[in-house]
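In mature numbering (1 follows the signal peptide of the UniProt record, and there is no 0), the protein residues as written are -20 to -1, 1 to 456.
Glycine residues also receive a C-beta, built at the ideal position from the N, C-alpha and C atoms.
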């Protein structure tokens, strides 16, 4: 997959080529390259995913001017909504569920988007299990009573012993040893292993879930998600992209929200920030009082354009990531009411080794199935596509399914880098205190999954109560 920086360079080159092709003799006062448009705003926001769009909407609601800059041709980040061409019906397979709390309800209400109870992928769905690697049918988890007993105990544990994990990374010193042990050991010591498979399945993209430090899995499989399991999740009626399209209209496309845009340079000082970027219509400069960064804070992403301080370079250089992709697959042969989950009966807690697909789930439109694929290490998109189709063949073998046509991937998305983590030594040495101390420095604020978790409900809550109040106060 091409990097953001290489795509930006290509766009910039195309703009210059277009300028050259349309060249006419210039007067002495003219130049080959028009001066960039200067835009004055209270806040510049980099990244139009979950946290960036939420930040922009909430700041605009409260009377502050914003410039939201996004590299893709839409807002929404990890949202992927499949549209069935013949019917126009939609199906979400990127972001799927939210928790029914006030911050979610208020956001949807402001964006005039219906919020409904999540009732599953399709009515009457039947879940089957198969070992995708072996091409064999697998038994279902056989202790559902143990899992039902474990859920409320897990919730009480999070409430009573780890309330500081509810928002952000505010970890006491010394770091509790229990947060540093592998998540599988944590669950076993607490007699909660019945939750392991569900945690792995719900929270895709974390690499080897059982081997991750418990800290990260407790952040991801968090109290909000447990409440959703207990009381039901909500969703956008299978059209999360519609929520973000409405947000774009509210913000103002090409006036306060800029799509298909590549950052050329960000310069910060104690007086404010300047963002130079290239759009399909030319170069622009945003001069703002404050900056909100919502993209993953990896050096590989930031170095080409960001004026990193030595402290930021030292901290962000410690992050590692996992990898996740999603796809829509046609002609699988899997019935339209059947979900097939990947389960290895010989592995601890039935959790298959990665890289692998998690499941194939039915769509209510188009007769297609969605899948999610994860790896703890880098894979090319072509390697992932090949293995997804191999997994379909293994499911057909395991479940005796067949298809009249060849299975094909009709949509495919990389969501990488995903789930940023640091070493145990870094955690013990106060890494998260150090990155939290970056908030507000050089008029810059940080939000997104790296600062909270890959959970839009949790990200919005973190942004609303931990970031925006400090930012808004600093504007006055």
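Can you check DSSP and say which residues form a bridge with residue i?
i: residue 107; result: 319
i: residue 48; result: 25 and 237
i: residue 17; result: 264
i: residue 271; result: 24 and 424
i: residue 79; result: 213
i: residue 472; result: Outside the shown range of the chain, which is -20 to 456, sits residue 472, and nothing can be said about it.
i: residue 72; result: 61
i: residue 171; result: DSSP, once it has assigned bridges, lists no residue as partnering residue 171.
i: residue 311; result: Answer by DSSP bridge pairing: none, since residue 311 is not bridged.
i: residue 300; result: 401
i: residue 162; result: 193
If you compare alpha carbons, which of the options is closest to residue i?
i: residue 60; options: 437, 113 and 70; result: 70
i: residue 342; options: 147, 161 and 106; result: 106
i: residue 397; options: 266, 351, 187 and 197; result: 187
i: residue 183; options: 171, 213 and 199; result: 199
i: residue 21; options: 327, 436, 265 and 434; result: 265
i: residue 351; options: 26, 76, 57 and 38; result: 76
i: residue 360; options: 257, 314, 303 and 239; result: 303
i: residue 253; options: 15, 207, 16 and 25; result: 25
i: residue 408; options: 353, 33 and 160; result: 160
i: residue 176; options: 164, 169 and 170; result: 164
i: residue 429; options: 387, 312 and 32; result: 32
i: residue 235; options: 114, 47, 374 and 282; result: 47
i: residue 111; options: 373, 406 and 439; result: 373
i: residue 417; options: 387, 130, 450 and 385; result: 450
i: residue 14; options: 205, 181, 258 and 157; result: 258
i: residue 371; options: 338, 400, 346 and 384; result: 338
i: residue 349; options: 62, 34 and 18; result: 62
i: residue 34; options: 124, 129 and 88; result: 88
So with Cβ pairs under 8 Å, would you call residue i a contact of chain D?
i: residue 22; result: Absence of chain D from the displayed structure is noted, only one protein chain being present.
Which same chain residues end up closer than 8 Å to residue i when comparing Cβ atoms and leaving out the 5 residues on each side of it in sequence?
i: residue 365; result: 307, 389 and 392
i: residue 102; result: 316, 317, 342, 343 and 344
i: residue 4; result: Low local confidence applies: a pLDDT of 38 at residue 4 is under 50, so the model's placement there is unreliable, with the coordinate-based value given in what follows. No residues qualify anywhere along the chain.
i: residue 52; result: 28, 239 and 240
Go to residue i, then tell me how far its alpha helix (DSSP H) extends in each direction, as first and last residue.
i: residue 132; result: 124 to 141
i: residue 118; result: Per DSSP, residue 118 belongs to no alpha helix (DSSP H) and is neither H nor E.
i: residue 182; result: 176 to 182
i: residue 449; result: 448 to 455
i: residue 415; result: 411 to 416
i: residue 31; result: 30 to 41
i: residue 375; result: 361 to 379
Looking only at its chain, what residues have a beta carbon closer than 6 Å to the beta carbon of residue i, apart from the 5 residues adjacent to it on each side?
i: residue 109; result: 118, 120, 321 and 323
i: residue 279; result: 296 and 297
i: residue -1; result: Residue placement at residue -1 is flagged as unreliable, the pLDDT there being 36, under the threshold of 50; the coordinate-derived value follows with that caveat. Closer than 6 Å at the Cβ level, and outside the excluded window around residue -1, lies no residue.
i: residue 263; result: 16
My output table needs one value for residue i: the three-state DSSP class, helix, strand or coil.
i: residue 112; result: coil
i: residue 245; result: strand
i: residue 193; result: strand
i: residue 220; result: helix
i: residue 55; result: coil
i: residue 295; result: helix
i: residue 385; result: coil
i: residue 153; result: coil
i: residue 95; result: coil
i: residue 342; result: strand
i: residue 437; result: helix
i: residue 101; result: coil
i: residue 8; result: Any reading at residue 8 needs caution, since the residue's pLDDT is 40, under 50, leaving its predicted position unreliable; the model's value is listed next. It is coil, neither helix nor strand.
i: residue 533; result: A query on residue 533 cannot be resolved here, the shown segment of the chain reaching from -20 to 456 and no further.
i: residue 429; result: helix
i: residue 328; result: helix
i: residue 337; result: strand
i: residue 445; result: helix
i: residue 89; result: helix
i: residue 226; result: helix
i: residue 208; result: helix
Can you tell me where the beta strand (DSSP E) holding residue i begins and where it ends?
i: residue 61; result: 61 to 63
i: residue 257; result: 252 to 259
i: residue 401; result: 398 to 401
Tell me which same chain residues have a C-beta within less than 7 Å of the C-beta of residue i, skipping the five on either side of it?
i: residue 248; result: 271, 287, 422, 423 and 424
i: residue 222; result: 93 and 216
i: residue 85; result: 95
i: residue 446; result: 147 and 148
i: residue 232; result: none
i: residue 382; result: 313 and 376
i: residue 203; result: 135, 138, 139 and 146
i: residue 251; result: none
i: residue 133; result: 172
Is residue i near the ligand FAD - that is, is its Cβ less than 7 Å away from at least one heavy atom of it?
i: residue 374; result: By its list of ligands, the structure shown contains no ligand whatsoever, and the ligand FAD lies outside what it can speak to.
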